[in-house]
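Position 6, counted from 1, in the sequence shown is what the numbering used here calls 387; the numbers after and before it change by one each time, with no gaps.
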Amino acid sequence: MPIELKDLNKLGFELKYSDPYVLNPKDSVAGTHLTNKKGNTISGTYSNLTDKTIDIKESSMTSINITDTTNKDLTVFFPGGLTWGTTIEKVKEMYGEPKDEYTGDSGFAILTYQEDTDHYAKLTFSNGKLKGYELYI
């Protein structure tokens, strides 16, 4: 991270905008989705890391939110070799103890690894297995 949007386009993910959308220098837009032909979706924050105004399609992804709910047939490898279904125990073995751990009802859990307020990874689990990944840089 950050990942240039054009590199995600090479992987088949497209940002669908019919009207031009520009980002001023150092601006960002959150909650925007990229979709591929199979319907897999990646959402995140897209940022202009340059000192000039650019089209959003020239921006960089500076946060990512991806779940296996909308991406069942998409193989994803996260830092350290994590992938869908990695257990909580394996994540802790690989990443160490999280800064915060939440365990909810029905086997739902969240591990948060945080460097500071703006830089963190949040991993979501269902029945002890990785189901969602958020990374903010």
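Even for Gly, the Cβ is constructed at its ideal location relative to N, Cα and C.
Subject >> Per-residue DSSP class, three states only, for residue 417 >> reply: coil
Subject >> Residues that residue 483 bridges to, as DSSP identifies them >> reply: 491
**OP:** Determine contact between the stretch 458 to 475 and the stretch 508 to 518, defined as no fewer than three beta-carbon pairs at a distance below 8 Å.
**Re:** yes
Subject >> Opening and closing residue of the beta strand (DSSP E) in which residue 516 lies >> reply: 510 to 517
**OP:** Classify residue 506 as buried or exposed, calling it buried when 16 or more other Cβ atoms lie within 10 Å of its own Cβ.
**Re:** buried
Original post:
Using the C-alpha atoms, what's the distance from residue 410 back to residue 446?
Top reply: 14 Å
Original post:
Leaving out five residues before and five after residue 461 in sequence, what residues of the same chain have Cβ atoms less than 6 Å from its Cβ?
Top reply: 475
Original post:
Taking the alpha-carbon positions, what's the residue 448 to residue 514 distance?
Top reply: 6 Å
Subject >> Proximal residues to residue 438 (C-beta, below 7 Å), its chain only, five neighbours per side dropped >> reply: 386, 396
**OP:** Please state if the CB of residue 406 and the CB of residue 432 are separated by a distance shorter than 8 Å.
**Re:** yes
Original post:
So, are the CB atoms of residue 428 and residue 413 less than 8 Å apart?
Top reply: no
Original post:
How long is the line joining the alpha carbons of residue 455 and residue 421, rounded to whole angstroms?
Top reply: 7 Å
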